[in-house]
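The numbering of the sequence shown is the numbering used here, which starts it at 3 and goes up by one. For every residue, glycine included, the Cβ atom is placed at its ideal position computed from N, Cα and C. Input: a single structure, listed below in structure tokens.
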Amino acid sequence: MGASIATYFQAWEKKMIVLKHLDKKAWDWLMGVPIKLWCKHSFSFYPKCDVLMNNLSESFKSTTLQVRDKLILTMCEYIRNYLMNRVASSLVKLNKWKHNVMPMPRKVIGKEVFSSGQWQLGVWGETCEPPSSLVQSNEVKNDEENANKKRKVG
């Protein structure tokens, strides 16, 4: 029906209404599953993992090496089991994580925070104050303008 690939809420809602009219059981089942787990419009924009895509594909290739010489169905079954176990274990780890930033970037940020504690404030160059003649002339000018306004009103 396309509800899972809808990129915004209103499109998802329309697709779900169509699904409800076609198959009420399927609609009930989908509504029982949290939307953030299966619908594209409610996915977060921010990554939950700091593994680079290239690194991920290289590690996947290395795990499939041991079953490449097997039959295609055996290899597909192995890959399916491997992916399901990996996703389940990652989900368990992710649910235990209480921070917004993942571990590796947190270490880098922690080092920067520590080094920023060693910073010292310094003043470079000469301090500058406005000339007192300018401040006094503005005060005199404002007093003259106020006096002129009072004369016109009165």
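In the assembly as shown, tryptophan 14 is a buried residue. Its beta-carbon has 16 or more other beta-carbons within 10 Å. Secondary structure note for isoleucine 81: its alpha helix (DSSP H) is the uninterrupted segment 74 to 98.
Contact annotation: leucine 21 and alanine 5 have beta-carbon atoms nearer than 9 Å. Straight across, the Cα-Cα distance linking leucine 39 with arginine 70 is about 32 Å. In the three-state DSSP reduction, leucine 39 falls in the helix class (H, G or I). For glutamine 12, the enclosing alpha helix (DSSP H) stretches over residues 11 to 24. By the beta-carbon neighbour count (other beta carbons within 10 angstroms, threshold 16), cysteine 78 is exposed. In the same chain as histidine 43, and ignoring 5 residues on each side of it, the C-beta atoms closer than 6 Å to its own belong to Ala8, Thr9, Tyr10, Phe11, Trp14, in chain order. It is roughly 28 Å from the alpha-carbon of aspartate 30 to the alpha-carbon of leucine 85.
Isoleucine 74 and serine 118 have their C-alpha atoms spaced approximately 55 Å apart. Secondary structure at phenylalanine 62: helix, using DSSP grouped into helix, strand and coil. In the three-state DSSP reduction, glutamine 122 falls in the coil class, being neither helix nor strand.
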